[in-house]
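Notes follow the structure.
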Amino acid sequence: MKKKILLGISPMLVMASTISFEQALKEAYENNDELKAKKLTIEMAKTNVEKAKSYDWGRLYFDERITKTNDATASAMGHTKGDDKAHLDSRINYDLYGFTGFKISEAKAMANLQVKAKKYKFQRDKNKLGVEVLKAYNGVVAAKQFVEALESAKQTTSYFVHMTHDLYNQGMIVYSDVLSAEKRDRDVDAKMIEARNKYKLALAYLRFLTGDNTITDVLDFKVVISPNSSLVKLQEIALKNRNDLKEMHINVITMKHNVKMNEHIKYPTIGLHADYGIGDHNRKNDSHTLAAGLRYYFMNMEDTQVLQYSKIQAHQVALYEKYMRNGIKLDVQKKYLTLKEKTSLITAKLKNKEASRDILEKYKDMYRNGLVNIAILLMKQTESQVADAELIKAKYDQAIAAAELKLAIGSPVETHEKVYREPDLTKRDDKTLDKYIQKKHMRVTDDTVDEDEEE
Numbered sequence: 012m013k014k015k016i017l018l019g020i021s022p023m024l025v026m027a028s029t030i031s032f033e034q035a036l037k038e039a040y041e042n043n044d045e046l047k048a049k050k051l052t053i054e055m056a057k058t059n060v061e062k063a064k065s066y067d068w069g070r071l072y073f074d075e076r077i078t079k080t081n082d083a084t085a086s087a088m089g090h091t092k093g094d095d096k097a098h099l100d101s102r103i104n105y106d107l108y109g110f111t112g113f114k115i116s117e118a119k120a121m122a123n124l125q126v127k128a129k130k131y132k133f134q135r136d137k138n139k140l141g142v143e144v145l146k147a148y149n150g151v152v153a154a155k156q157f158v159e160a161l162e163s164a165k166q167t168t169s170y171f172v173h174m175t176h177d178l179y180n181q182g183m184i185v186y187s188d189v190l191s192a193e194k195r196d197r198d199v200d201a202k203m204i205e206a207r208n209k210y211k212l213a214l215a216y217l218r219f220l221t222g223d224n225t226i227t228d229v230l231d232f233k234v235v236i237s238p239n240s241s242l243v244k245l246q247e248i249a250l251k252n253r254n255d256l257k258e259m260h261i262n263v264i265t266m267k268h269n270v271k272m273n274e275h276i277k278y279p280t281i282g283l284h285a286d287y288g289i290g291d292h293n294r295k296n297d298s299h300t301l302a303a304g305l306r307y308y309f310m311n312m313e314d315t316q317v318l319q320y321s322k323i324q325a326h327q328v329a330l331y332e333k334y335m336r337n338g339i340k341l342d343v344q345k346k347y348l349t350l351k352e353k354t355s356l357i358t359a360k361l362k363n364k365e366a367s368r369d370i371l372e373k374y375k376d377m378y379r380n381g382l383v384n385i386a387i388l389l390m391k392q393t394e395s396q397v398a399d400a401e402l403i404k405a406k407y408d409q410a411i412a413a414a415e416l417k418l419a420i421g422s423p424v425e426t427h428e429k430v431y432r433e434p435d436l437t438k439r440d441d442k443t444l445d446k447y448i449q450k451k452h453m454r455v456t457d458d459t460v461d462e463d464e465e466e
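In terms of our numbering, the sequence shown opens at residue 12 and continues consecutively.
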């Protein structure tokens, strides 16, 4: 991160920084409180594992009861009438599940599987945060470039104002031309206010995601995946990498274990119990008990229906997994085609931008020579301004489409791809330019394969 000190009227030093996308992503992973909160779900799942393991140790507990005998009971115990007596029964107990029809072992297996599922879900959430940071970063880049484009437009409209004043003073144009130029100049001022406010809002959101309030500037658009990648390979990567699909598969396995756990009704239940009672007067009254119990249900309709429900649920989740696999392939295809579309538009937008600038320069000369009126000149300025904005929008759309595709294939957002760079149109013909845009403006990441390479 590049840092610089800004000195203002205040004697205090203000730290400002230009941040790269990689640094912004790192700070988001480290500082984002929502991501930290989601990670705790893994720890919560681990407590269920320990809970399931605890059944192997049984339960050790202490209970105590105080009873008071009535007259009849007192007489029976050899006491005289009215000689009621309180009796204290203190007992240490230990219960152990001997055999539960594999219920405990299946519960432990399910708990361990859910820890894995939560880990996959967390990684998916982390990838989503990465994509959100990427979108926010590119949003700041776009907002910044809109401001820069309007600053360029401001230079042009300010020139128009000075030019029309000079021409009016020379008696070559009417004063309404001056008023038209001044109006257009004020229009650009108004748009500049809006653009700067949008830049501040975009920057505020990036600061929110990263937890870094010192960010004041960004670099260039970040495109994280090549539009020249092979669709088939991307779909294969998605089915291998998507954490939500991995989580769903874990849920399928968990449901199978749930069915096995509910099959405990097929087996008897064996339990062990031991206790030691402490006498309330002397140790001669101490007692102890050792017991083993067995229970087997010949008819248990409630648990039978629970078993049937778990079987249906397991089948349902398996169908959802199959549906998700097909849905992921479709999702990747849609995101891939969108990226292709957005990338192809950049070529036309680049040409329009340069053509609009050339046309505007020619119309400036034509206006000075009295060949066109001010309305035509201002219209050409508007067209040039729109062409600048459309190119920025096209580059932003491409970066966002690449981010969406990256999320669709389930790969981490981290990448070392080059950002898009505008070629010098004055030194390249159309054929060379098209080739440059398709092959030179970005590299293929490790998890993508060029269509040419696949062949």
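Every residue gets a Cβ at the ideal spot worked out from N, C-alpha and C, and that includes glycine.
For residue i, the first and last residue of its enclosing beta strand (DSSP E)
i: Glu75; result: Arg70 to Lys79
Residue burial classification, residue i (beta-carbon count within 10 angstroms, cutoff 16)
i: Tyr334; result: exposed
i: Val144; result: buried
i: Pro279; result: exposed
i: Arg218; result: buried
i: Ser7; result: Given that the chain is displayed from residue 12 to residue 466, the structure contains no residue 7 and the question cannot be resolved.
i: Ala192; result: buried
i: Ser237; result: buried
i: Gln396; result: buried
i: Gln324; result: exposed
i: Glu415; result: buried
i: Gln166; result: exposed
i: Arg253; result: buried
i: Met88; result: With a pLDDT of only 49 at Met88, under 50, the local geometry of the prediction cannot be trusted, and no value is derived from it.
i: Met121; result: buried
i: Leu140; result: buried
i: Ser187; result: exposed
Continuous alpha helix (DSSP H) stretch holding residue i: start and end
i: Ser298; result: From DSSP, Ser298 is part of no alpha helix (DSSP H) but of the beta strand (DSSP E) over Ser298 to Arg306.
i: Thr58; result: Asp44 to Ser65
i: Thr175; result: Lys114 to Asn180
i: Ile204; result: Tyr186 to Thr221
i: Glu274; result: No alpha helix (DSSP H) contains Glu274, which DSSP labels as neither H nor E.
i: Leu330; result: Met312 to Arg379
i: Leu416; result: Ile385 to Ile420
Bridge partner(s) assigned by DSSP for residue i
i: Ile289; result: Ser101
i: Ile281; result: Phe110 and Leu305
Rounded C-alpha distance that separates residue i from residue j
i: Lys267; j: Leu220; result: 39 Å
i: Ile30; j: Phe157; result: 19 Å
i: Tyr179; j: Asn208; result: 36 Å
i: Ala398; j: Ala160; result: 10 Å
i: Ala213; j: Glu365; result: 28 Å
i: Ile77; j: Gly290; result: 12 Å
i: Gly421; j: Tyr148; result: 20 Å
i: Ile490; j: Lys137; result: Absent from the structure is residue 490, since the part of the chain shown begins at 12 and ends at 466.
i: Val263; j: Leu341; result: 22 Å
i: Leu99; j: Glu75; result: 7 Å
i: Ala201; j: Lys346; result: 36 Å
i: Val270; j: Lys322; result: 6 Å
i: Leu256; j: Tyr407; result: 29 Å
Presumed contact (8 Å Cβ cut-off) between residue i and residue j, rounded CB distance
i: Asn104; j: Asp286; result: 4 Å
i: Ala419; j: Val317; result: With a Cβ gap of about 38 Å, Ala419 and Val317 do not count as contacting.
i: Gly222; j: Glu38; result: 6 Å
i: Thr265; j: Gln134; result: Actually they do not touch by this definition, with Cβ atoms about 18 Å apart.
i: Ile370; j: Ala405; result: Wrong, their Cβ atoms sit about 19 Å apart, outside the cutoff.
i: Lys8; j: Ala410; result: For residue 8 there is no data in the structure shown, the boundaries of the chain being 12 and 466.
i: Tyr308; j: Ile276; result: 6 Å
i: Ile53; j: Lys146; result: Their Cβ separation, rounded to whole angstroms, is 26 Å, which puts Ile53 and Lys146 out of contact at 8 Å.
CB contact check: residue i to chain B, cutoff 8 Å
i: Ser395; result: Absent here is chain B; the protein component of the structure consists of one chain.
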